[in-house]
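This report concerns only the one structure given below.
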Ligand SMILES: Cc1cc2nc3c(=O)[nH]c(=O)nc-3n(C[C@H](O)[C@H](O)[C@H](O)COP(=O)(O)O)c2cc1C
């Protein structure tokens, strides 16, 4: 059964079934973001993230979580700044590329330089340039709280993620 199939449960499912828990969590529709930063050696790093959310308007804070097993864990820990890009519905290829290990994620991409030299991607719905304010251990992930210092938006349809599939809003939306 694929993650895209609807799953009906008549009753509660045991918490010891991680696959069932993952499927249940997949019912929560999210947008898709790419978080970018600079490594200590100056190289561009980034990954696809759907754990992004808003936290506070005053002061302006956002949150996302990074797996403890991420190959970029130390780099994001140390980065002074990072940028969160909200992807548009025609950026599925970018979402897939930035979710793939061992590829040159920035190959052929046009970027501009944001606060702290962070690479900014083009044609997104929005981006948020953040100071790496604080981090909090949370199980097998670490929560990253970002203080938004600058942001930009564009009138584009967002990319949606639901039930393990990329989707877009219907025409009436
Ligand atoms: C839809 C989607 C959402 C993801 N969200 C997260 C996330 O919130 N946090 C995270 O650490 N990894 C997340 N990942 C996994 C990372 O994108 C992936 O592990 C990473 O890009 C691997 O590349 P790397 O080895 O270069 O770090 C997500 C993947 C996908 C496909």
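In my numbering, the protein residues as written are 8 to 180.
We put the CB at the ideal spot given by N, CA and C, even for glycine.
Any heavy atom of ligand 1 closer than 6 Å to the Cβ of residue 37? Taking the first residue of the chain shown as position 1, residue 37 is located at position 30. A distance criterion of 6 Å places the beta-carbon of residue 37 beyond contact range of ligand 1, judged by its closest non-hydrogen atom.
In angstroms, rounded to a whole number, what distance separates the CA positions of residue 165 and residue 132? Within the chain shown, the letter at position 158 stands for residue 165. Within the chain shown, the letter at position 125 stands for residue 132. Taking the straight line from one Cα to the other gives about 6 Å.
Under a Cβ-count criterion, where at least 16 other Cβ atoms within 10 Å of its own Cβ denotes burial, should residue 98 be classed as buried or exposed? Numbered from 1 along the chain shown, position 91 holds the residue referred to as residue 98. With at least 16 other beta carbons inside 10 angstroms of its own, residue 98 counts as buried.
C-beta atoms of residue 121 and residue 136 nearer than 7 Å: Looking up residue 121 in the chain shown gives position 114. Looking up residue 136 in the chain shown gives position 129. Their beta carbons are under 7 Å apart, which means residue 121 touches residue 136 by this criterion.
For residue 74, list the residues DSSP reports as bridge partners. On the chain shown, residue 74 is found 67 positions in, with the first residue counted as 1. Residue 74 pairs with 148.
Beta bridge counterpart(s) of residue 85 as assigned by DSSP: The sequence position of residue 85 within the chain shown is 78, counting from 1. Beta-bridge annotation (DSSP): residue 85 is not paired with any residue.
Measure the C-alpha to C-alpha separation of residue 46 and residue 84 and round it to an integer number of angstroms. Within the chain shown, numbered from 1, the residue matching residue 46 stands at position 39. Within the chain shown, numbered from 1, the residue matching residue 84 stands at position 77. Straight across, the Cα-Cα distance linking residue 46 with residue 84 is about 10 Å.
Give me, in chain order, the residues of the same chain whose beta-carbon lies closer than 6 Å to that of residue 57; leave out the 5 immediate sequence neighbours on both sides. Position 50 of the chain shown, counting from 1, holds the residue named residue 57. Around residue 57, the same chain offers 37, 39, 168 as residues with beta carbons nearer than 6 Å, after the five sequence neighbours per side are excluded.
Counting beta carbon pairs with one atom in the segment 62-78 and one in the segment 140-160, are three or more of them shorter than 8 Å? These segments touch.
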